[in-house]
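Please read the structure below before turning to the comments.
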Amino acid sequence: MADHKILPVFAFIDDAVQIQELRQYLNNFGGAKLDENGPADVPDNLSEICSALTVMGACPNPNEV
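The UniProt record's numbering applies: residue 1 is where the sequence shown begins, and numbers increase by one.
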């Protein structure tokens, strides 16, 4: 189970504030290089966040690649 003290919590806040905090978190800890605010439209903003992230899965066995 994840330690809830180190996870960012985005509950009960406005969407724009939540997205801005997510962008700041990803810039600081996720290695992303995102503009602080991004597009005003929420779906466009989330699409920009998703397209800026690189997701690499870890494979313990090289034969499974």
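Backbone N, C-alpha and C define an ideal beta-carbon position, used for all residues, glycine too.
| query | How many angstroms separate the CA atom of A16 from the CA atom of A32? | reply | 18 Å
| said: Helix, strand or coil, according to DSSP, for A52 in the structure here? | reply: helix
| said: What would DSSP say about D14, mapped onto helix, strand or coil? | reply: coil
| query | When burial is assigned at 16 or more other CB atoms within 10 Å of the CB, is I19 buried or exposed? | reply | buried
| Who are the Cβ neighbours of Q24 in its own chain at under 8 Å, not counting the five residues just before and after it? | E36
| Per DSSP, what kind of secondary structure is E21 in: helix, strand or coil? | helix
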